[in-house]
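Working notes, beginning with the structure itself.
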Amino acid sequence: MKIEVGYYLMPNELKNLRVVAEAKHGEISSEQLKTSVEVITNFLNKHPRVFAVRVDLRFPHIPVMDDPDMPTGFPPEVEEEKVITRFIASLKSQIHALRHRKGKTGKPFFLGYIWVKEQVTSQHPHYHVVLLFNRDDYGYLGDYANFDADNMATRIRKAWCRALRLAYPDYASLVHFPPDAEYRFDRRDAVLHNDNFYDFLERIGYFFKLRSKVEGGRNYGRSERIR
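Printed below as a string of structure tokens:
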């Protein structure tokens, strides 16, 4: 039987994290926060070193052919509820293809993720996403100002365009990497609550604010537990 090392926050630590998040962002979902911390610490149980990426995914505004002043969201064949699933599937597919080219097919690959769907004043919702990678395999986004670069930023952008069934790089700008989008931490950072780890947990507290969640429908998702 495999024994997990365990990097889970104690109840009082999780409560303190919630207090910090609510001081910044208003009321949050305690359940989503707790579940997301479990996703991250479970990923650390599998991979000693983690590379985490913070990214925003947006929908386009495409004029209707007979009324260029009337915006629509995306091609009619795109089902909004399935877009985030296709995004994750496309990103995994690109990475598996890359690993095949590099002869890494015998080594398991796991992609961790957390996403939330929000809508405030815009016509369409948007997604905030965290992606988790084994840092021994992938540790950088690369130059995301270059849409033609062969790097993780390009793969993420292509995945979103493919999920929306829109051309790349024409709609690559729908993917936004905010300032300080990259985080790196390891098991020692988690055990000691070093700044790079705890700052990351505080950063994603923004995801779970209740005031901007889309009512009716799914507004939160995560990767499966790695066993």
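Last residue of the sequence shown: 227 (UniProt numbering), numbering continuous. A virtual CB, placed ideally from N, CA and C, is assigned to each residue, including glycine.
Close CB contacts of I84 within its chain, under the 7 Å cut and outside five residues either way in sequence, are with W115, Y127 and G221 (chain order). One Cα belongs to Y198, the other to I156, and the distance between them is close to 25 Å.
Residues of the same chain with a CB within less than 6 Å of the CB of V120, apart from the 5 flanking positions on each side, are S212 in chain order.
The shortest CA-to-CA distance from V19 to any of E215, N219, Y206 and G217 is the one to Y206. Under DSSP, H128 shares a beta bridge with D56 and V116. Secondary structure at G205: helix, using DSSP grouped into helix, strand and coil. The Cβ atoms of R225 and D136 lie no closer than 8 Å to each other. Counted as a single uninterrupted DSSP element, the stretch harbouring F43 is not any beta strand (DSSP E) but the alpha helix (DSSP H) occupying residues S30 to K46. Listed in chain order, the non-local C-beta contacts of N151 below 6 Å within the same chain comprise G142, local neighbours out to five positions each way being set aside.
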